[in-house]
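Everything in the sequence shown is counted per our numbering, starting at 363 for the first residue and increasing by one.
We treat Cβ as the ideally placed atom computed from N, Cα and C, and that holds for glycine.
The block underneath contains the structure these notes are about, expressed in structure tokens.
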Amino acid sequence: MRGLLAGLGVALVALGCADPPPAAPPVANAAPAPARSVRTVRVTAVAGRAERQSGAGAALPLKVGDQLAADDLVRTEEGSATLDVGGRADVTIAGHTQVAIGELTEKLSRVKLRDGRISAVVHAADAKLQVEAVGTSAVASADRGEFSMLSTGSQVSVATRSGQVTLSAHGQSVTIGAGQLSVVQRDLPPSAPAAIPPSLFLKVSAPRALAQRQKQTTLHGNTIPGAVISVNGLRVTADPTGEFTATVALKEGANDLTVESEDVLGRRERAAVPRITVDSRAPAATSKVEW
């Protein structure tokens with residue numbers, strides 16, 4: 363028994379004198395994630411009248427050097443404005459156009475075309491520019507090249523000058539190559555890409571009557587698909603075949619009408635219509651029948 367206790371005592375003493383286990387090495391703090399750079403949109407050119415608006419704030423004159431953030435709105439009247447989107451794309455806003463700034467990340471820049479026409483040059487292959495046509499399902503996307511979009515709210519046309527653009531709408535997509543055009547009508551997928559016509563080929567049929575009592579007339583014509591037609595302030599859109607119809611209000615007396623076609627590339631062409639004279643006081647023609 364004494365021997366057992368003595369042995370146990372020796373063991374306990376040995377344990378008490380043993381070196382403690384080495385401490386665990388300190389855990390290095392994880393390196394902080396690099397701060398995410400904030401993409402900016404900078405105004406590089408303004409011609410004519412244009413304004414910017416942030417949220418519900420008041421509209422302010424647009425100036426070169428202004429920096430725009432997501433959800434800011436740009437409106438142009440006569441003239442144009444050019445935006446540098448993060449140094450990776452240049453977007454030119456044509457006259458009478460509204461554009462809102464959308465998502466801005468390292469890999470994607472999104473702008474929203476509410477009405478009007480824009481042209482874009484994308485010069486960074488590692489980032490994509492998307493243009494969404496508000497009020498439709500149409501979205502144009504490109505990572506390099508030059509393209510234009512024209513939106514009327516009910517119809518969208520996209521043309522590519524260089525590179526390729528993917529146009530998506532209603533669950534279908536087409537690839538528009540250089541020198542091609544595609545049109546999206548409301549509730550329809552994009553049309554098959556076709557070569558951009560060398561001219562607008564604007565043709566307008568003569569009115570049915572050049573002297574009439576009615577204070578309106580209907581014009582029929584043909585031009586490049588997707589073009590916007592203006593007749594003395596009235597705007598209509600040519601369908602994917604290029605046909606259009608415009609019912610125009612007339613005033614008492616002589617009426618001179620000018621028809622102008624503008625396509626997605628900004629090309630314009632005009633056609634004159636023979637003068638229409640309205641005399642609403644003239645008696646209706648009658649014929650005398652003798653028996």
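The beta carbon of S642 lies closer than 7 Å to those of R575, K577 and E614 in the same chain, with the five residues before and after it left out. When the beta-carbon positions are compared, N617 and R630 stay at least 8 Å from each other.
For R401, there is no enclosing beta strand (DSSP E), as DSSP marks it with neither H nor E. When the beta-carbon positions are compared, L512 and R479 come within less than 8 Å of each other.
By the 16-neighbour rule on beta-carbons within 10 angstroms, F509 is buried. Distance check between Q517 and each of G448, G588 and A568 places G588 closest, using alpha-carbon atoms only.
Per DSSP, G464 is one residue of the beta strand (DSSP E) stretching across Q460 to L466. In this structure, V461 and I455 form a Cβ contact; the two beta carbons are roughly 5 Å apart against a cut-off of 8 Å. Inter-residue distance for G604 and T528 is about 22 Å (C-alpha atoms, whole angstroms). The C-beta separation of V403 from L430 comes to about 4 Å, placing the pair in contact by the 8 Å criterion. A direct Cα-Cα distance of roughly 13 Å separates D625 from N584.
For P636, the uninterrupted beta strand (DSSP E) run begins and ends at R630 to V640, by DSSP. With 16 or more other Cβ atoms from the protein chains shown falling within 10 Å of its own Cβ, F606 counts as buried. Residue state for Q526 is assigned as coil, using DSSP reduced to three classes. By the neighbour-count criterion, in which 16 or more other beta carbons inside 10 Å mark a residue as buried, G427 falls on the exposed side. When DSSP states are grouped into helix, strand and coil, V593 belongs to the strand group.
When beta bridges are read from the DSSP output, R414 appears opposite L422 and V436. Linking R450 to G525 through their CA atoms gives a straight-line distance of about 15 Å. If you check the CB distance, Q547 and D601 come in under 8 Å.
In the DSSP annotation of this structure, the continuous segment of the beta strand (DSSP E) that includes H582 starts and ends at Q578 to N584. Pairing A634 with L475, the inter-Cα distance amounts to about 31 Å. Sorting G533, L445 and H485 by C-alpha distance to the C-alpha of R506 places H485 at the top. Distances from the CA of G533 to each of T522, V593, A500 and A554 were compared; the closest alpha carbon is that of A500. V610 and L562 have their alpha carbons spaced roughly 22 Å apart.
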